[in-house]
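A.B. asks: The structure under discussion is supplied below as structure tokens; questions concerning it will follow.
Structure follows, in structure tokens:
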């Protein structure tokens, strides 16, 4: 598993590059005509947005749960999609000694 994590970012980067730039090469040969200059600019702006979003997702600190966090809203009922039914109870993080909000996990890498 650790080896898989080392190749995840380069693999996704290669996938983005392949899909974004190979499609532009294919558009040169698709009838009735290749992309116009405006269409090429718009497509490359969208590709730039993908790159910026992926960079931000990889480099932004996820933050941590405030120590005084307590869920004030009732927890939603969950369907059996993950094998759990009914209302989930608040979970306790044994490493932080705090309640964990739904869908959160303790990070082994940054210890948050």
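In UniProt numbering, the protein residues as written are 1 to 112. Yeah, the Cβ is synthetic: ideal placement off N, Cα and C, and Gly gets one too.
Starting from residue 91, trace the alpha helix (DSSP H) both ways and give me its first and last residue.
C.D. replies: Numbered from its first residue, the chain shown carries residue 91 at position 91. Residue 91 -> not in any alpha helix (DSSP H); beta strand (DSSP E) instead, spanning 91-93.
A.B. asks: If the criterion is Cβ atoms closer than 9 angstroms, does the pair residue 21 and residue 52 meet it?
C.D. replies: The sequence position of residue 21 within the chain shown is 21, counting from 1. The sequence position of residue 52 within the chain shown is 52, counting from 1. Going by C-beta atoms, residue 21 is not nearer than 9 angstroms to residue 52.
A.B. asks: Which runs of the alpha helix (DSSP H), 4 residues or longer, sit entirely within the segment 4-63?
C.D. replies: 37-59
A.B. asks: Are residue 9 and residue 58 close, meaning C-beta to C-beta below 9 angstroms?
C.D. replies: Here residue 9 corresponds to residue number 9 of the chain shown, with the count starting at 1. Here residue 58 corresponds to residue number 58 of the chain shown, with the count starting at 1. A contact, by the Cβ cut-off of 9 angstroms.
A.B. asks: Confirm, please, whether the CB-CB distance from residue 28 to residue 19 is below 9 angstroms.
C.D. replies: Your numbering for residue 19 matches position 19 in the chain shown. Your numbering for residue 28 matches position 28 in the chain shown. Cβ distance not < 9 angstroms, so residue 19 and residue 28 don't count as in contact.
A.B. asks: Looking only at C-alpha atoms, which of 103, 12 and 4 sits nearest to residue 55?
C.D. replies: One-based indexing of the chain shown puts residue 55 at position 55. Closest option to residue 55, Cα to Cα, is 12.
A.B. asks: Below 8 angstroms on the Cβ atoms is my guess for residue 98 versus residue 62; work out the distance and round it to an integer in Å.
C.D. replies: Counting from 1 along the chain shown, the entry for residue 98 is found at position 98. Counting from 1 along the chain shown, the entry for residue 62 is found at position 62. No, residue 98 and residue 62 are not in contact; Cβ-Cβ is about 15 angstroms, not under 8 angstroms.
A.B. asks: Less than 6 angstroms between C-beta atoms, sequence neighbours within five positions excluded: which residues of the same chain meet that for residue 100?
C.D. replies: Residue 100 sits at position 100 when you count from the first residue of the chain shown. Excluding residues within five positions, the ones whose Cβ falls inside 6 angstroms are 91 and 93.
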